[in-house]
Each structure stands twice: as structure tokens, then as C-alpha cells.
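S.K.: Structure provided below as C-alpha cells; questions to follow.
2 protein chains.
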Amino acid sequence: MTVLVAGWVAIDEIETPFGKAAGQLGGSATCAALAASLFTDVRLLAAVGDDFPDELRSLLARDRIDLTGLATVPGAQTSRWGARYGYDMNSRDTLYTVVGVNADWNPRIPDGWERSETLFLAAGAPDLQRRISEQVSGKRLVMADTIQFFIDNARDELLATFRGVDFVSINESEARQLAETPSIARAARTLLSLGPKGVIVKLGEYGAAFASNGDYFVLPGYPLEEVVDPTGAGDAFAGAFLGFLDAAGEITPSAIRRAIVYGSTVASFQVEGFGPSRLLRLTRAEVEERYRAFRQLTHFEVVE
Amino acid sequence: MTVLVAGWVAIDEIETPFGKAAGQLGGSATCAALAASLFTDVRLLAAVGDDFPDELRSLLARDRIDLTGLATVPGAQTSRWGARYGYDMNSRDTLYTVVGVNADWNPRIPDGWERSETLFLAAGAPDLQRRISEQVSGKRLVMADTIQFFIDNARDELLATFRGVDFVSINESEARQLAETPSIARAARTLLSLGPKGVIVKLGEYGAAFASNGDYFVLPGYPLEEVVDPTGAGDAFAGAFLGFLDAAGEITPSAIRRAIVYGSTVASFQVEGFGPSRLLRLTRAEVEERYRAFRQLTHFEVVE
């Protein structure tokens, strides 16, 4: 089984209370692909400019990640993003966004990739997300994510994308904004009414909530004493979630819950280092150990 | 077994996006006493002025709440508090605080109350919390809560109180401020190093975290589609937590986890109405039903 991850590969410049890091591997597709590759085979569909450094490309060249779909567009500039986090990591200022090559990228799926079973439409232009999805004729499970920019600027297009997917993953503040309600539970239900079979609301350090027509699941955040850089946590979550489900080969309520715990577990590693540095050296054994710790940290008995 | 709840009984004026309510029964001891009385016998130690209306007193006069320690101080004014909540209920402006009778209340424990097994020192002046605790010679379990005012104005006194209790319950923002760290897990550990056996960090709609020297527990918030008035949720949590432990008669890690779930469950009811209105008509059967629902909403399997 294979997950096709479509989105941005970018170069990030991040400042947190722990320090600064420029020239980091970033973009919505990067951490999703790395996280999914812990569980299953991954195909990465993204575009960079000819300024994209070889050392960043080599970080993506991993056994389980097929880079045939990572297009280098001559004369174009790789997307770039700069951000600064505040003291508690919950506030973030975007310092700059250079859209570059992603301004008019119109991908063609490499031969054979149309048979990918699982598809993650990482944050990107909603109409492009739909055009990519249409090319993957063999898909059995599709999830879309987004960012506030597209809620603000392409709301109708975004709703059209959400109508056509199985799962939506979205940040808490974006869910509240899109559904026009302060309640997470109601926002999830509102988004569910658009058409997807399941909605994941990512709560940052507070965990995640999942709503489907038959189930509701809430998971607290994995307790961390130190968060170095929150960038990419949501993408790592999504990649691990889909990677686990793709490998599991079944989409039952129980498997979905386990996938959400895997997503949160991998996201909790992601924030321990700048950019994808922690993810790049993360092993499946570490993931399994923290999954079990997560169960122990959250378990309680029913009293009879 | 009995829980002695010491703190403020006040008259609240609350404004939320759902409406306004004046002349509400409020104060740190009120919801704690009502919540604890769902599980065990309660003794309420607080002071009001002779302006305290009979209809508010009658709301507190319940089978399992002993009001012998609710003193009416002639010529004094009942404490009053006015607040307005913002759209998402996470922001709150205090409009006014009239300290009134609590400015120089120096309680004497009624005869026999010194043998109370469980003691909740609801938010109040830290030196007064200690003087009350010293009078309860038969206590086996003591928990203290506080509010930001005392962190700002009586930090050393507050730390002295925390050193002498078994459990501390505190809001997330207060824990971060007191421990001078943005990490909830580290703040809990820092507070634990002061001396208490356990620290509960209340995360509002995101649930609660608990740290002891041998255990760490995280619980998400119970998902609610509508929050009418968050006032008193933390006090209801504390009252239910201690009420359950007092009735259980054992303070094991498993019982503490169950007590935290009961605390969150009762708090989730508390916010469904203005002031204590929902708590006043809440039944133990409703609590048990939601506890089981909470388990179902949070349970996930370990994969072998």
C-alpha cells in the first residue's frame, strides 16, 4: 500500500525562544511524507525551483519515499516561509511568505501513481487539491488539510474540496473560523455536514478531536516538558495518521482511533527539534514505545 | 466521611454571549460544596453579610450540606463579583470585585468540624487557608486552590500554603505563571517540588493534567456543543474530585485518576447553565452516565 502526499516543499526560517534556524526543510508535504514513511511507502508530489539545495533534497531521499514526483521547475524559485514564535509557542508571526514555484504549479502525476491507495492533499490551493485528487483514480482514502489563508481567500473552493474527501484535518482556530462557532464539537459536526466521513480537529498541545457520523473521539496532547519548534506538527500528525491507516488496510472506528494516537505521537516527536530534524532520525520502535506510554498516561477505569 | 469546604460564598453578576444573569449564587466555595455533595457529606465554612438573600441561602440548604459554618456577619456586606466573557469563553474581564465580609473574616471551626477527614481550601487568602487547615486536626486529605490575585499579591504566603497540603489544584495560566515556564508538564513538576503529593492543572475546555511523584495523567475536556457560563467550573471540578476520593476512602493512583474524571464530568455539567443552576439539579445518575460516555469518548486500544 502507498500514500501519495501532495503539497508544498519549502525552505523555512524559524525563530523560537530556543533559537533560530534558517535554510530548514519545510512545507506542508515534507513532514507529512516523512511521518507517513514510518508506516508505509510514500510518493511525494511537489515542486521546487532550481535553487533547491541538494542537501535538502537528500534529506527527503529515504528508502520508503519515492521522489519521482518532486519536480524541479527551471527558472522558478522554491517557496520560502519565515516565522517567529512567542514565549508559549501558541502565538506565531509569519514574517514572510514567498510563494515562488507554487504560484502556478500544475502537477502531472507520474505514471503509475494514479493507482495510489491513499492520498493526502496537504495545505495548498483548494482547486489544485481537487485537480490532483481527480488524477488518482485508484484512491481508496483521501484526506485534505488547509491553512487559514485559503479560508480567508478561497472559502468556496475549499468547501468544494472538503465535500469530495473522506477525511478533513484542520486546526482548531481554522475549524472555529470556518464553522463560525466557538465550540470544537459543533465545528466538527458542521464540517462533517459538508460531506466528509470524518473530521479531525487538531488542538496543538491539547491533542486532537475526531468526529464521524458514528463516533466522537478526544485525545489529550502528549505531555512534553520542552517544545523546541511547533512547525510541521500538524503535517506530521496527518502523515502518521494516513500512513498507519494505509498500512493497516482497514478503516474501522477502532483503527481510526489508533491512527489518531499514532498521529499525535509522531507530532509530539516532531516538535522536539527544529524543522524536521527529530522526525529525520525517528524510528518506528520509538513511536511504538511512546504510543504505549500515551496509553498509560491516559487510561482510567470505569467504576462498577 | 465528610469534606469540609472553606472559601467564599458570593453574589455574582455574569455576562456571556448567551445572556446576562445578576444576583447569582457564586464564590469559590459554592460550586465546590454543591459538587462534593453529589458524592459525600459536606460542611461549608464561609461568611456572608446580612444582605445575603434568603433565596440564595436556601439553594445551599441541601440534605448533604451542613451550613452551621456559614456565618452571617452583622453589618458586613456579602462579597460580590461581576465578569464578562468574550465570544469563545476563553477570555474574561472582571468588571468589579467587592471583597466585603471576606476582607477580615477570621473563621472559627464549629464544634466537631475539626474531625473532618477531607478539607478543600478553595481560593482565598493563603494565610487564612493555612489557619483554617490548622484547626482541622483530623484531616487526612487536604487540597488547596488559588486565583491569580494571590499569585500576584501573596506569592510567598501561597507557596507556604502549597507546601503544607496533599494536593494543589490550579488553572493552566496560573500554573505557568507560578512556575515560570510555558510547559504544563514542567509547571506541574515544579509545583510538585514545593511539597504537595499531587498537582492538578486545570486546562478549561481542554481537560486536566495530574502529576505526582509516581504518576502523570492527562484527560481531554468532555466535548460540549454549548458552553453557557464557564464560571465555577474549576471549583465544581475540585469539589467532585475530593467528594469522590472522600467517599472512596482510598487514595490510590487509580482512584485519583477516576476522581479527576469525575471532576471533569461534573465541571462539564456546571458550564451548561448560568451560575450553579445546572449543578443544583444534577443527579448522581447523570454523572455516572456521562462518566461512562467520557470513557467511551477517550478509549483506544494498544496494538500488539
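Protein sequence lines, in the order shown, are assigned to chains A and B. According to our numbering, the first sequence is numbered sequentially starting from 76. According to our numbering, the second sequence is numbered sequentially starting from 76. Every residue gets a Cβ at the ideal spot worked out from N, C-alpha and C, and that includes glycine. Owing to the predicted nature of the structure, the values given are computational and were not obtained by experimental measurement.
1. Are the C-beta atoms of Y162/A and some chain B residue less than 8 Å apart?
2. Can you check the stretch 228-282 of chain B for any alpha helix (DSSP H) of at least 4 residues that lies completely inside it and give the ranges in chain order?
3. Between which residues of its own chain and L267/A is the CB-CB distance below 6 Å, once the five residues before and five after are set aside?
4. How is the beta strand (DSSP E) around S154/A delimited, first residue to last?
5. Establish whether the CB of S244/B and some CB of chain A are separated by less than 8 Å.
6. Going straight from the alpha carbon of V84/B to that of D290/B, what length do you get?
7. Cβ closer than 8 Å: which chain A residues qualify as neighbours of P298/B?
8. Let's test the definition: count the other Cβ atoms within 10 Å of the Cβ of K95/A and tell me whether it reaches 16, buried, or not, exposed.
9. Compare the Cα-Cα distances from I245/A to each of R356/A, I226/A, G350/A, W188/A and report the closest residue.
10. Relative to the C-alpha of N177/A, which residue among G98/A, P305/A, G296/A, A104/A is closest?
11. Per DSSP, which one or two residues make a beta bridge with A178/A?
12. Using DSSP with H/G/I as helix, E/B as strand and the rest coil, what is I86/B?
13. Using the C-alpha atoms, what's the distance from E88/B back to G82/B?
14. Compare the C-beta of T316/B against all C-beta atoms of chain A and say whether one is closer than 8 Å.
15. In chain B, what lies closer than 8 Å to R159/A by C-beta?
16. Can you pull the chain A residues whose beta carbon is under 7 Å from the beta carbon of L216/B, in chain order?
17. Between which two residues does the alpha helix (DSSP H) containing T340/A stretch?
18. If we cut at 8 Å on Cβ distances, does Y171/B have a partner in chain A?
19. Which residues bound the alpha helix (DSSP H) around G314/B?
20. Can you tell me whether DSSP reads I140/A as helix, strand or coil?
21. In chain order, what residues of the same chain lie with their CB nearer than 7 Å to the CB of R264/A, ignoring the 5 residues before and after it?
22. List the residues of chain A whose Cβ lies closer than 7 Å to the Cβ of V377/B, in chain order.
23. In this structure, does DSSP put F292/B in helix, strand or coil?
24. DSSP three-state call for L357/A: helix, strand or coil?
25. Is the distance from the Cβ of F93/B to the Cβ of V303/B below 8 Å?
26. Which residue comes first and which comes last in the alpha helix (DSSP H) that contains R183/B?
27. With C-beta atoms as the reference, is L294/A less than 8 Å away from G282/A?
28. According to DSSP, is D168/A helix, strand or coil?
29. Among residues of its own chain, excluding the 5 on either side of A322/A, which ones have a beta-carbon nearer than 8 Å to its beta-carbon?
30. D391/B by DSSP, collapsed to three states: which one?
31. Using the rule of at least 16 other Cβ atoms within 10 Å of the residue's Cβ for burial, across every protein chain shown, is P128/A buried or exposed?
32. What residue range is occupied by the uninterrupted beta strand (DSSP E) comprising A146/B?
33. Return the Cβ separation of A342/B and A368/B in integer angstroms, given the expectation that the two are a contact with Cβ distance under 8 Å.
34. Does the Cβ of A136/B have 16 or more other Cβ atoms within 10 Å, making it buried, or fewer, making it exposed?
35. Would you list the one or two residues that DSSP bridges to V81/B?
36. According to DSSP, simplified to helix, strand and coil, what is V362/B?
M.R.: Let me spell this out:
1. The count along the first sequence starts at 1 and reaches residue 162/A at position 87. True, the Cβ-Cβ gap to chain B drops below 8 Å.
2. 230-238, 247-254, 259-267
3. Translated into the one-based positions of the first sequence, residue 267/A becomes position 192. Counting only Cβ-Cβ distances below 6 Å, and skipping sequence neighbours, we find V274, A286.
4. The sequence position of residue 154/A within the first sequence is 79, counting from 1. Taken as a continuous stretch (DSSP letters only), the beta strand (DSSP E) holding S154/A covers 154-160.
5. To locate residue 244/B, count along the second sequence from 1; it is residue 169. Not an interface residue.
6. Start at 1 with the first residue of the second sequence, and residue 84/B comes out as number 9. Start at 1 with the first residue of the second sequence, and residue 290/B comes out as number 215. If I take the Cα positions, the gap works out to 34 Å.
7. Locating residue 298/B in the second sequence gives position 223, where the first residue counts as 1. Going along chain A in sequence order, the residues near P298/B (Cβ under 8 Å) are I259, A260, A284, Y291, V293.
8. Along the first sequence, read from residue 1 onward, the residue named residue 95/A stands at position 20. It counts as exposed.
9. In the first sequence, counting from the first residue as 1, residue 245/A sits at position 170. When only C-alpha atoms are compared, the closest one is I226/A.
10. Start at 1 with the first residue of the first sequence, and residue 177/A comes out as number 102. Cα-wise, what sits closest to N177/A is A104/A.
11. Here the question's residue 178/A lines up with position 103 in the first sequence. Bridge partners of A178/A: none, in fact.
12. In the second sequence, the residue the question calls residue 86/B occupies position 11. Residue state, collapsed to three classes: strand.
13. Translated into the one-based positions of the second sequence, residue 82/B becomes position 7. Translated into the one-based positions of the second sequence, residue 88/B becomes position 13. If you take the alpha carbons of G82/B and E88/B, they lie about 19 Å apart.
14. Walking along the second sequence from the start, residue 316/B turns up at place 241. For the sequence presented, residue 316/B should be read as Phe rather than Thr. Cβ-Cβ to chain A under 8 Å: no for F316/B.
15. As a position in the first sequence, residue 159/A is number 84, starting the count at 1. Per Cβ cutoff of 8 Å: no residues; R159/A is ~15 Å from chain B at best.
16. The residue labelled residue 216/B in the question sits at position 141 within the second sequence. What L216/B touches in chain A: nothing, since even the nearest Cβ is about 19 Å away.
17. As a working mapping, residue 340/A is identified with position 265 in the first sequence. That run of the alpha helix (DSSP H) goes 328-345.
18. In the second sequence, the residue the question calls residue 171/B occupies position 96. Judged by the 8 Å Cβ criterion, Y171/B is not in contact with chain A.
19. Residue 314/B sits at position 239 when you count from the first residue of the second sequence. Element bounds for G314/B: 308-323.
20. Along the first sequence, read from residue 1 onward, the residue named residue 140/A stands at position 65. In this structure, I140/A counts as strand in the three-state DSSP scheme.
21. For the purposes of this step, residue 264/A is taken as residue 189 along the first sequence, with counting starting at 1. Correct list, in chain order: A286.
22. Numbered from its first residue, the second sequence carries residue 377/B at position 302. Ordered by position in chain A, the residues that pass the 7 Å Cβ test against V377/B are R367, R370.
23. Numbered from 1 along the second sequence, position 217 holds the residue referred to as residue 292/B. In this structure, F292/B counts as strand in the three-state DSSP scheme.
24. On the first sequence, residue 357/A is found 282 positions in, with the first residue counted as 1. It is coil, neither helix nor strand.
25. By 1-based counting over the second sequence, the position of residue 93/B is 18. By 1-based counting over the second sequence, the position of residue 303/B is 228. Yes, the Cβ-Cβ distance between F93/B and V303/B is below 8 Å.
26. Taking the first residue of the second sequence as 1, we reach residue 183/B at position 108. It is not in any alpha helix (DSSP H) - R183/B carries neither H nor E in the DSSP assignment.
27. For the purposes of this step, residue 294/A is taken as residue 219 along the first sequence, with counting starting at 1. For the purposes of this step, residue 282/A is taken as residue 207 along the first sequence, with counting starting at 1. Closer than 8 Å, so yes.
28. Numbered from its first residue, the first sequence carries residue 168/A at position 93. Correct three-state label for D168/A: strand.
29. As a working note, residue 322/A is residue 247 in the first sequence. M76, F114, T115, listed in sequence order.
30. As displayed, chain B neither begins before 76 nor continues past 379, which places residue 391/B out of reach and without an answer.
31. As a first step, residue 128/A must be located in the first sequence, where it is residue number 53. By the neighbour-count rule (16 or more Cβ atoms within 10 Å), P128/A is not buried but exposed.
32. To locate residue 146/B, count along the second sequence from 1; it is residue 71. Segment 145-148, the beta strand (DSSP E) holding A146/B.
33. Looking up residue 342/B in the second sequence gives position 267. Looking up residue 368/B in the second sequence gives position 293. At roughly 15 Å, the Cβ-Cβ gap does not stay under 8 Å, so A342/B and A368/B are not in contact.
34. Numbered from its first residue, the second sequence carries residue 136/B at position 61. Classification for A136/B: exposed.
35. Counting from 1 along the second sequence, the entry for residue 81/B is found at position 6. For clarity, residue 81/B is Ala in the given sequence; the question names Val instead. For A81/B, which the question treats as bridged, DSSP gives the partners L120/B, L196/B.
36. Position 287 of the second sequence, counting from 1, holds the residue named residue 362/B. Correct three-state label for V362/B: helix.
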